[in-house]
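J.: Residue numbers (full-length UniProt numbering), protein chains in the order written: chain A, 1 to 775; chain B, 1 to 775.
There are 2 protein chains.
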Amino acid sequence: MTQTVDPNTDYRAVGRSTNRLDGLEKVTGRTRYAGDITAYGMLHVRLVLSPYAHARIVSIDTAAAEAIPGVVAVFTAKTLEMAGAGTSSRSQSPLALDEACWCGHPVAVVVAESEAAAEDGAAAVEVDYDPLPVVVDPEAALLPDAPLARSRSEDEVSEIAGGGAHAAVSDEGAEEEEEEEPLSQNVSDKAHIKKGDIEVGLREADVVVERTYRTHPVHQSYLEPQSITVVPGPSGLQVWASAQGLYETRSSIAKAINLPERQIHVESVPIGGAFGGKFGLLEPLAGAVAYKLRRPVRLVYTRQEDLLAGNPAPQAVFKLKLGAKRDGTLVALQAKVIFDAGVFPGAAASFGGMILANTYNCPNVDIRAYEVLTNKVSTGAYRAPNAPQSTFALESTVDALCNELGVDKLEFRRKNALREGDMSGFRQRLPRIGLVECIERIQQHPLWQQREQQKTVVPDELKGWKVGIGVAVGGWPGGTESAAAACRLEKDGTFTVVLGTVDLTGSDTSMALIAAEGLGLSVASVNVAHDGTDTMPYSGGTGGSKTIYSMGPAVLKAAQDARRQVLEIAADMLEAAVDDLEIEDGKVVVRGVPSKNVSLEQIANSSMNFGAPYAPVYGNGRSAIANASPMYTAHLVKVAVDPETGKVRVLDYVAAQDVGYAINPAEVEGQMCGGITQGLGWALFEGMEYDENGQLLTPTLMDYALPHSQDVPNITPLLVEVPSGRGPFGAKGVGEPPVVPVAAAVANAIYDAVGARLEQIPMTPERVFTAMQAE
Amino acid sequence: MTQTVDPNTDYRAVGRSTNRLDGLEKVTGRTRYAGDITAYGMLHVRLVLSPYAHARIVSIDTAAAEAIPGVVAVFTAKTLEMAGAGTSSRSQSPLALDEACWCGHPVAVVVAESEAAAEDGAAAVEVDYDPLPVVVDPEAALLPDAPLARSRSEDEVSEIAGGGAHAAVSDEGAEEEEEEEPLSQNVSDKAHIKKGDIEVGLREADVVVERTYRTHPVHQSYLEPQSITVVPGPSGLQVWASAQGLYETRSSIAKAINLPERQIHVESVPIGGAFGGKFGLLEPLAGAVAYKLRRPVRLVYTRQEDLLAGNPAPQAVFKLKLGAKRDGTLVALQAKVIFDAGVFPGAAASFGGMILANTYNCPNVDIRAYEVLTNKVSTGAYRAPNAPQSTFALESTVDALCNELGVDKLEFRRKNALREGDMSGFRQRLPRIGLVECIERIQQHPLWQQREQQKTVVPDELKGWKVGIGVAVGGWPGGTESAAAACRLEKDGTFTVVLGTVDLTGSDTSMALIAAEGLGLSVASVNVAHDGTDTMPYSGGTGGSKTIYSMGPAVLKAAQDARRQVLEIAADMLEAAVDDLEIEDGKVVVRGVPSKNVSLEQIANSSMNFGAPYAPVYGNGRSAIANASPMYTAHLVKVAVDPETGKVRVLDYVAAQDVGYAINPAEVEGQMCGGITQGLGWALFEGMEYDENGQLLTPTLMDYALPHSQDVPNITPLLVEVPSGRGPFGAKGVGEPPVVPVAAAVANAIYDAVGARLEQIPMTPERVFTAMQAE
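#1: Less than 9 Å between the beta carbons of G500 (chain A) and L556 (chain A), yes or no?
#2: How would you write the range of the alpha helix (DSSP H) that L402 (chain B) sits in, first residue to last?
#3: Please return the same chain residues whose Cβ sits closer than 7 Å to the Cβ of G493 (chain B), not counting the five positions on each side in sequence.
#4: Which whole-angstrom value describes the C-beta separation of V127 (chain B) and V45 (chain B), a residue pair presumed to lie in contact below a C-beta threshold of 8 Å?
#5: Against chain B, with Cβ distances strictly below 9 Å, would G173 (chain A) count as a contact?
#6: Residues of chain B with CB closer than 9 Å to the CB of T716 (chain A), please, in chain order.
#7: How many Å lie between A243 (chain B) and E267 (chain B) at the Cα?
#8: Please identify the residue among A:V768, A:E113, A:K194, A:M631 whose C-alpha is closest to the C-alpha of R649 (chain A).
#9: Would you kindly report the start and end of the unbroken beta strand (DSSP E) that includes M631 (chain B)?
#10: Which residue wins for smallest C-alpha separation from A116 (chain A), given the options A:D206, A:V300, A:C103, A:A77?
#11: By the 10 Å Cβ neighbour count, where 16 or more other Cβ atoms means buried, how is Q671 (chain A) classified, buried or exposed?
#12: Can you list the residues of chain B that T31 (chain A) reaches, using a CB-CB cut of under 8 Å?
#13: DSSP on G353 (chain B), reduced to helix/strand/coil?
#14: Grouping DSSP H, G and I as helix and E and B as strand, with all else coil, what is Q220 (chain A)?
#15: Against chain A, with Cβ distances strictly below 9 Å, would F426 (chain B) count as a contact?
#16: For a cutoff of 9 Å on Cβ pairs, would you count M536 (chain A) as touching chain B?
#17: If you compare alpha carbons, which of B:T302, B:T31, B:T249 is closest to L701 (chain B)?
#18: Leaving out five residues before and five after A357 (chain B) in sequence, what residues of the same chain have Cβ atoms less than 6 Å from its Cβ?
#19: Provide the residue span of the alpha helix (DSSP H) that contains F769 (chain A), from first to last.
#20: Whose CA, out of B:I264, B:K491, B:G196, B:G287, lies closest to the CA of S227 (chain B)?
#21: Given the structure, does T359 (chain A) come close to the ligand COA, in the sense that its CB is under 8 Å from one of the ligand's heavy atoms?
#22: Taking Cβ positions only, does S350 (chain B) come closer than 9 Å to chain A?
#23: Residues in its own chain within less than 7 Å of E775 (chain A) by CB, not counting five upstream and five downstream?
#24: At which residues does the beta strand (DSSP E) containing Q334 (chain B) begin and terminate?
#25: By the three-class DSSP mapping on this structure, what secondary structure does F426 (chain B) have?
#26: Closest to Y653 (chain B) by C-alpha separation, out of B:P643, B:T677, B:L697, B:D642, would be which residue?
#27: According to the Cβ coordinates, are G681 (chain B) and L697 (chain B) closer than 9 Å?
#28: By how many angstroms is the C-alpha of S390 (chain B) removed from the C-alpha of L718 (chain B)?
#29: Fully enclosed by the region 248–274 of chain A, which beta strand (DSSP E) runs are 3 residues long or longer?
#30: Thinking just about the alpha-carbon of each residue, which of B:K409, B:I198, B:L293, B:S525 is nearest to the one in P363 (chain B)?
#31: Along the beta strand (DSSP E) that carries W448 (chain A), what are the first and last residues, could you check?
#32: Determine the chain A residues that contact K491 (chain B) at a beta-carbon separation under 7 Å, and present them in chain order.
#33: Along the chain, where does the beta strand (DSSP E) that runs through A55 (chain B) open and close?
#34: For S91 (chain B) and chain A, any beta-carbon pair shorter than 9 Å?
#35: Taking 9 Å as the cut-off, decide whether the C-beta atoms of V467 (chain A) and K638 (chain A) are in contact.
Here you go:
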């Protein structure tokens with residue numbers, strides 16, 4: 001079927017399921033995170049959050065707070081004097097200047113000797129607010145007469161495109177002049193993605209389906225809250241942050257306090273989940289406070305602060321029209337897409353629009369994407385940013401279209417699926433991708449093959465519930481980033497890979513496997529060590545499903561370089577040719593002459609000692625991959641719906657995903673199961689709910705519903721390996737795709753069960769019940 | 001005269017006197033040392049030192065100490081359970097087990113929440129001692145019936161050679177059976193260095209001079225006392241130590257507590273002077289305490305502890321006989337050398353013996369060297385270990401021999417000096433050395449040329465004092481160590497050199513100059529960053545005058561590698577050939593076409609960013625130099641002696657030193673002036689004095705006399721540049737030689753002034769006066 005990499009290659013390390021290097025420390029609670037760092041004289045920071053979604057700040061009285069024993073300082077935007085105060089950068093301008101713009105907007109910080117004093121201090125800060133009109137709904141915010149979510153200078157408004165004409169990007173890449181639209185200045189970005197002629201496409205279509213979908217903001221819900229500890233030293237600030245990128249953290253703090261980047265020393269520290277939500281939030285604020293006071297400070301969000309003042313995934317609205325011919329050929333894709341950025345721009349609406357055009361071939365495409373500001377917390381990345389929302393809309397509509405056409409849902413998808421050589425939604429000429437292979441893998445699965453019979457199998461306690469099976473597909477374009485790594489021989493004959501990447505979801509373990517393979521050793525001989533920004537080999541943030549793909553080649557080269565150096569030393573010691581040598585069981589051996597050998601330990605001691613005759617083994621690897629390897633996945637889900645309450649139970653889940661090559665199969669399966677579980681959160685449970693005044697109704701985990709273990713069904717991850725030409729051993733990214741099609745697959749299964757089309761996630765019992773009543 | 005490197009080369013960076021990178025932080029007091037590291041919950045360690053030079057420990061009662069508020073624990077060797085307890089390794093067995101063997105031997109440690117509580121606790125530990133016979137004098141300790149300085153197992157005694165026959169090493173390298181000598185088991189090592197036939201040599205000599213010399217232990221007197229902070233973490237211990245080598249520290253702690261080396265994380269931290277005295281002392285002890293308690297601990301010596309329980313330079317005794325022909329040809333060198341190791345072996349007596357044969361060609365050599373144990377603190381390295389002592393003996397005797405022969409003292413030295421191709425005292429066939437060049441440089445100096453006239457020039461306040469001029473030469477064999485380094489481009493277009501070496505006396509600044517030269521940039525574009533043991537490129541301890549010599553080539557290669565990478569990227573960006581490019585003013589420019597250029601910042605941003613097309617610039621350098629480059633120096637000093645008191649004032653000092661090539665001339669001159677100042681301490685002031693019970697009479701800086709600023713004359717450093725074939729740009733080591741001949745030069749000047757030959761250092765007024773009376 002597919003040209004997968006044969007798992008029976010002669011690889012020694014990669015391709016074998018391997019325990020995580022950090023597993024023991026994490027499960028035994030010994031791992032220390034950014035918020036566990038302590039320093040002598042450390043102060044604690046607590047935020048004062050606005051209770052209003054929009055209000056002018058008349059005055060802030062800090063006297064009572066400052067009088068509390070233990071309180072060292074209270075800062076407002078005016079007294080903290082950050083370089084970026086008042087700009088439209090959330091992290092550079094973390095404190096409200098004159099205007100609080102969401103319920104949860106920090107207006108002051110209290111710094112105290114203890115957490116308790118800081119909390120008391122925060123409660124004692126008196127802020128006089130003058131409420132302003134609030135806009136919460138993104139569709140309402142788009143209208144020309146909508147209240148403005150945030151006052152802005154004229155410069156900023158013209159810069160962020162509100163209401164003005166914007167160039168559209170056509171399929172040919174040419175820019176065209178666009179007609180003016182009457183829009184609110186809340187619109188902070190817009191894009192028009194065009195291909196072919198949408199009017200022609202819609203005319204050609206035998207069937208056209210049009211639907212509108214809505215989503216809520218969804219929080220990344222990492223286990224570790226946003227955390228940072230900053231310790232001022234003689235040459236700047238030392239920083240431990242729960243952040244996905246060390247260099248990014250360095251840059252953002254340096255910028256905030258106008259110091260050279262070299263004076264910001266960001267240390268590597270394990271992070272407790274991120275999912276895109278830790279690409280910069282509190283670091284400039286904490287850095288500025290520590291710098292101002294010249295004392296160590298720690299800022300760890302409470303769970304409530306994380307929900308009120310984090311950076312969740314954006315809410316979105318899709319009006320989507322698909323047209324197809326009777327034979328199942330997709331001919332028209334028209335969409336209006338709104339992504340709600342909250343108070344600050346950055347929701348990447350155009351990216352969400354492109355995702356709509358990144359699964360199927362369609363000759364006529366017309367997508368208008370809008371980013372709009374509202375009085376809600378501003379947003380950040382969350383695992384495959386914008387793809388779960390867009391894919392919920394697209395794949396629900398495809399399902400409806402297939403129903404209208406009466407065609408097989410997987411056949412329709414297979415027929416229209418993007419393939420190698422096609423143009424992607426991101427205008428990339430596609431390399432070999434595995435979308436068709438994933439669809440075919442699902443097609444062959446018994447849950448699909450015997451789907452009518454499978455629907456009759458339900459647990460006893462669900463008797464009377466309606467059962468349905470749904471499918472959906474989705475993908476992620478991937479990314480690239482240049483990277484470097486080092487590989488060092490240790491005195492005990494093992495090797496250390498030196499990295500600047502933050503370990504997420506086992507990336508270190510995969511790096512160790514890659515290095516072991518490059519060295520020709522088992523993974524037990526390889527350790528991974530992290531460097532901070534002062535000395536680390538360059539690597540970008542961990543995220544975007546690009547870590548193994550982009551960083552892996554640098555690690556592989558570093559390991560191969562170290563191996564070459566080892567063999568050169570051994571060749572000299574053994575008076576043999578490098579080509580006649582092999583590494584076995586911690587020794588370099590002359591092939592065929594096992595008695596002629598030298599241990600790696602001996603090589604280490606001959607190259608790392610006073611008077612050592614050989615140079616130390618210190619391999620170096622650098623890489624820059626030109627193009628991303630897009631990834632796809634196909635999901636199949638069986639659900640049961642309680643017709644009396646609308647409650648949904650997911651009974652079985654099968655996911656086929658093209659991972660290129662599974663470096664650490666257990667970890668890849670873990671990523672798939674984790675992503676699907678988060679997708680079930682999007683589908684059924686999670687959503688930040690605001691009232692019409694912009695008050696967050698779900699500011700705690702009592703109100704914000706995360707999936708519980710009993711909500712997660714048996715998940716069958718099927719690894720499809722269509723090798724990438726560039727990733728190490730053919731590997732592609734694996735982290736983002738599994739979350740992408742889950743909501744759509746579940747919605748389609750619900751439709752299959754009860755004939756009701758859900759157009760809003762999360763699909764709570766109330767919404768499902770209402771939808772059933774409407775049918 | 002000499003083939004020096006022309007200072008008017010086209011070098012851009014090296015060869016220019018450059019301010020130290022760490023200067024501002026150090027002079028403004030902002031530098032943080034190992035003892036400044038703080039950690040939450042940190043405990044303080046204070047030692048309980050034996051008041052007896054030798055005593056059986058009957059019992060240690062810690063109850064009273066433990067009852068003091070704030071005292072957390074009291075450990076003895078038995079309760080601390082270090083892996084090396086009871087062995088003959090001072091640092092692995094830091095606490096006396098059953099027997100205290102010197103006045104100052106730590107018998108217990110008190111760990112407390114505060115420094116004050118630890119001190120109170122230490123005072124409250126009750127130790128019941130049973131005094132044992134004491135041996136203090138090394139000559140007495142050698143005798144067969146001497147009391148043993150330390151009880152030892154039979155294994156240990158046979159291992160350390162006490163009294164047994166030892167093989168001698170002859171000139172031809174062959175080992176011969178030696179006759180037995182009646183010696184005490186205090187003798188822990190001995191060596192017999194032979195060449196030619198000493199009896200023949202002595203018979204051939206027209207003049208034979210025989211003298212006996214004695215020295216005292218001398219303390220390194222670094223500004224920063226021995227200090228260490230250890231913080232236990234989830235994966236072992238994090239360590240900041242005032243230590244010259246990070247890897248050495250890692251190994252010693254790992255060994256002491258039986259942990260894999262990987263679990264010891266030694267961080268780079270500036271040190272405040274070391275001079276050889278910080279190659280490992282407290283680290284295993286502090287590591288064991290922190291590991292036992294699983295709490296951060298800090299141990300910072302008081303100055304008194306440093307004097308009582310440091311590791312000073314060993315006391316030595318020389319019986320030296322030199323024979324020469326009337327024409328000034330040296331024909332016989334016979335010596336008996338005793339180095340007093342204190343309680344633990346490690347004084348490298350044989351090395352001290354070889355130093356005697358490392359200045360002049362002599363056909364007949366017979367040197368017997370003995371290392372002996374006494375009830376004194378054990379010794380460590382101190383700037384050119386053993387060479388000041390041996391050179392004081394050798395060069396004083398040469399001076400006497402010249403007087404007997406009536407030959408010119410510099411002519412005699414020039415005539416007999418070792419030259420390229422000769423066999424050194426360390427049996428190295430000498431590469432090009434600069435001993436003759438240094439002698440000739442001194443010969444030409446006005447202070448020598450017009451020495452009789454110069455002797456009449458004295459300050460008014462010294463009227464009536466006798467003035468003399470003395471010369472002495474000396475050297476250091478040098479060392480090598482394999483090394484690696486990295487060089488990284490920064491986003492601002494500057495470069496960072498990544499090192500694992502500890503900066504001593506400006507070595508970082510020299511590394512920056514070397515890297516700048518390799519990059520083709522000015523030193524302002526280069527920063528130096530230090531890595532810890534987890535991730536650093538391998539490098540050994542800083543010391544032995546091998547840092548620039550051995551590490552410099554790795555830095556140069558790393559910089560050249562980074563430059564190559566920069567040019568390759570620029571070539572692609574500019575569509576030009578690498579060979580047509582040059583780096584100028586932060587830009588890569590096509591030669592002859594200044595408008596065709598790309599800035600280093602642009603190159604950084606094209607190679608270190610999301611989607612960057614080029615791999616990050618990350619250069620790598622490795623080196624292993626096969627042979628050391630021996631260094632020599634010639635000193636000329638003018639002194640005045642008060643005939644009524646014996647007080648000596650040094651009036652002028654000239655030193656010519658072969659430095660190969662001065663990477664940073666100001667720093668090289670600084671090294672010379674610093675070494676000479678320390679040498680004046682050896683010559684005139686410093687010496688640890690013990691009474692017959694082994695009580696240290698100089699345990700504070702009130703008693704132990706360091707040279708004051710007014711004791712240091714004008715010093716004229718003359719750089720002689722006889723390039724090394726291996727060091728970077730021809731550089732040789734520079735740190736050790738300047739201390740070597742000082743005591744001899746001063747002694748010879750005193751003889752010239754008053755006709756009295758001083759045979760013991762320091763040459764205190766009392767000793768000078770006594771010697772004058774004896775003439």
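Ideal Cβ placement from N, Cα and C applies to all residues, glycine included.
T.: Checking against the coordinates, here is how it stands:
#1: Locating residue 500 (chain A) in the first sequence gives position 500, counting from the first residue. Locating residue 556 (chain A) in the first sequence gives position 556, counting from the first residue. No; because the gap between Cβ atoms is not below 9 Å, this pair is not in contact.
#2: By 1-based counting over the second sequence, the position of residue 402 (chain B) is 402. Rather than Leu, the amino acid found at residue 402 (chain B) in this sequence is Cys. Unbroken alpha helix (DSSP H) run through C402 (chain B): 387–405.
#3: Residue 493 (chain B) sits at position 493 when you count from the first residue of the second sequence. These residues qualify, in order along the chain: G586, S599, L600, E601, A604.
#4: Numbered from 1 along the second sequence, position 127 holds the residue referred to as residue 127 (chain B). Numbered from 1 along the second sequence, position 45 holds the residue referred to as residue 45 (chain B). With 8 Å as the limit, V127 (chain B) and V45 (chain B) do not qualify as a contact, their Cβ atoms being about 17 Å apart.
#5: As a position in the first sequence, residue 173 (chain A) is number 173, starting the count at 1. Legend: pLDDT at G173 (chain A) = 48, less than 50; position of this residue unreliable, value from coordinates given subsequently. So, not an interface residue.
#6: Along the first sequence, read from residue 1 onward, the residue named residue 716 (chain A) stands at position 716. The contacting residues do not exist; T716 (chain A) stays about 34 Å from chain B at best.
#7: Here residue 243 (chain B) corresponds to residue number 243 of the second sequence, with the count starting at 1. Here residue 267 (chain B) corresponds to residue number 267 of the second sequence, with the count starting at 1. Going by C-alpha positions, A243 (chain B) is about 11 Å away from E267 (chain B).
#8: As a working note, residue 649 (chain A) is residue 649 in the first sequence. Each of A:V768, A:E113, A:K194, A:M631 was checked against the Cα of R649 (chain A), and the nearest Cα belongs to A:V768.
#9: Against the second sequence, residue 631 (chain B) aligns to sequence position 631. DSSP places M631 (chain B) inside the beta strand (DSSP E), whose first and last residues are 631–641.
#10: Looking up residue 116 (chain A) in the first sequence gives position 116. Comparing Cα positions, the closest option is A:V300.
#11: Stepping through the first sequence from its first residue, residue 671 (chain A) is reached at position 671. It is buried - the Cβ of Q671 (chain A) has at least 16 other Cβ atoms within 10 Å.
#12: Against the first sequence, residue 31 (chain A) aligns to sequence position 31. Neighbours of T31 (chain A) on chain B, chain order: P234.
#13: As a working mapping, residue 353 (chain B) is identified with position 353 in the second sequence. Note: G353 (chain B) maps to helix in three-state DSSP.
#14: One-based indexing of the first sequence puts residue 220 (chain A) at position 220. Coil at Q220 (chain A), not helix or strand.
#15: Position 426 of the second sequence, counting from 1, holds the residue named residue 426 (chain B). F426 (chain B) does not count as touching chain A.
#16: Counting from one through the first sequence, the residue named residue 536 (chain A) turns up at place 536. Closer than 9 Å: yes.
#17: Position 701 of the second sequence, counted from the start, is the residue given in the question as residue 701 (chain B). With distances taken between Cα atoms, L701 (chain B) lies closest to B:T302.
#18: Here the question's residue 357 (chain B) lines up with position 357 in the second sequence. Cβ within range, chain order: V365, G425.
#19: Walking along the first sequence from the start, residue 769 (chain A) turns up at place 769. Where F769 (chain A) is concerned, the enclosing alpha helix (DSSP H) stretches over 765–774.
#20: The residue labelled residue 227 (chain B) in the question sits at position 227 within the second sequence. Comparing Cα-Cα distances from S227 (chain B) to each of B:I264, B:K491, B:G196, B:G287, the minimum goes to B:G287.
#21: This structure simply doesn't include the ligand COA, nor any ligand for that matter.
#22: Here residue 350 (chain B) is taken as the residue at index 350 of the second sequence, counted from 1. Cβ-Cβ to chain A under 9 Å: no for S350 (chain B).
#23: The residue labelled residue 775 (chain A) in the question sits at position 775 within the first sequence. Correct list, in chain order: G755, A756.
#24: Here residue 334 (chain B) refers to the residue found at position 334 when the second sequence is read from its first residue. Note, Q334 (chain B): beta strand (DSSP E), 330–342.
#25: One-based indexing of the second sequence puts residue 426 (chain B) at position 426. Coil, per DSSP.
#26: For the purposes of this step, residue 653 (chain B) is taken as the residue at position 653 of the second sequence. Comparing Cα-Cα distances from Y653 (chain B) to each of B:P643, B:T677, B:L697, B:D642, the minimum goes to B:T677.
#27: Residue numbering aside, residue 681 (chain B) sits at position 681 when the second sequence is read from its first letter. Residue numbering aside, residue 697 (chain B) sits at position 697 when the second sequence is read from its first letter. The criterion of a C-beta distance shorter than 9 Å is not satisfied by G681 (chain B) and L697 (chain B).
#28: As a first step, residue 718 (chain B) must be located in the second sequence, where it is residue number 718. As a first step, residue 390 (chain B) must be located in the second sequence, where it is residue number 390. In a straight line, the C-alpha of L718 (chain B) is about 24 Å away from that of S390 (chain B).
#29: 264–266
#30: As a first step, residue 363 (chain B) must be located in the second sequence, where it is residue number 363. Considering only alpha carbons, the answer is B:I198.
#31: Residue numbering aside, residue 448 (chain A) sits at position 448 when the first sequence is read from its first letter. Element bounds for W448 (chain A): not the beta strand (DSSP E) but the alpha helix (DSSP H), 446–449.
#32: Here the question's residue 491 (chain B) lines up with position 491 in the second sequence. Going along chain A in sequence order, the residues near K491 (chain B) (Cβ under 7 Å) are E261.
#33: As a working note, residue 55 (chain B) is residue 55 in the second sequence. That run of the beta strand (DSSP E) goes 55–61.
#34: The residue labelled residue 91 (chain B) in the question sits at position 91 within the second sequence. No, because no Cβ of chain A sits closer than 9 Å to the Cβ of S91 (chain B).
#35: The count along the first sequence starts at 1 and reaches residue 467 (chain A) at position 467. The count along the first sequence starts at 1 and reaches residue 638 (chain A) at position 638. Yes, they are a contact pair.
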